[in-house]
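So the structure is just underneath, and the comments pick up after that.
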Amino acid sequence: MYGIQRAAGPGGVPLVTVWTRGEERDAGRFDALEVSVVGYLEREEGVSLERGYLMDVFGPDGSLRHRLDARP
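For reference, each letter of the sequence shown is one residue, going 0 to 71 in numbering that gives the first Met the number 0.
Printed below as a string of structure tokens:
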């Protein structure tokens with residue numbers, strides 16, 4: 000991961016955009032990335048994720064690798 004941006008998404012839930020150098024698209028690597036990013040946002044940035052969040056992950060070529068809607 001080399002970049003992360005947080006903005007207000009629909010209904011005020013965090014919209015997180017992540018840029019990665021990895022070429023992989025597999026679910027296992029995405030799950031690990033998600034846990035890492037969510038932990039960082041809560042722990043270091045004090046972001047409340049109790050209403051969920053949206054996350055887009057883009058690869059090194061700019062293509063969308065993953066899109067997650069983690070709202071309840």
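Backbone N, C-alpha and C define an ideal beta-carbon position, used for all residues, glycine too.
Model, not experiment: these values are computed from the prediction.
message = Out of G11, M54, D60 and E44, which one is the CA nearest neighbour of D30?
response = Here residue 30 is taken as the residue at index 31 of the sequence shown, counted from 1. Among G11, M54, D60 and E44, the Cα nearest to that of D30 is on M54.
ask   = Across which residues does DSSP place V12 in a beta bridge pair?
value = For this step, residue 12 is matched to residue 13 along the sequence shown. Paired residue(s): none; V12 is not in a bridge.
query = So what's A69 in DSSP terms, helix, strand or just coil?
reply = Taking the sequence shown and counting its residues from 1, the one referred to as residue 69 is at position 70. Coil at A69, not helix or strand.
task = In angstroms with no decimal places, state the Cα-to-Cα distance between V36 and V56.
result = Your numbering for residue 36 matches position 37 in the sequence shown. Your numbering for residue 56 matches position 57 in the sequence shown. About 11 Å.
ask   = For the candidate residues P9, R66 and V46, whose alpha-carbon lies nearest to that of G58?
value = Within the sequence shown, the letter at position 59 stands for residue 58. Here the closest residue by C-alpha is R66.
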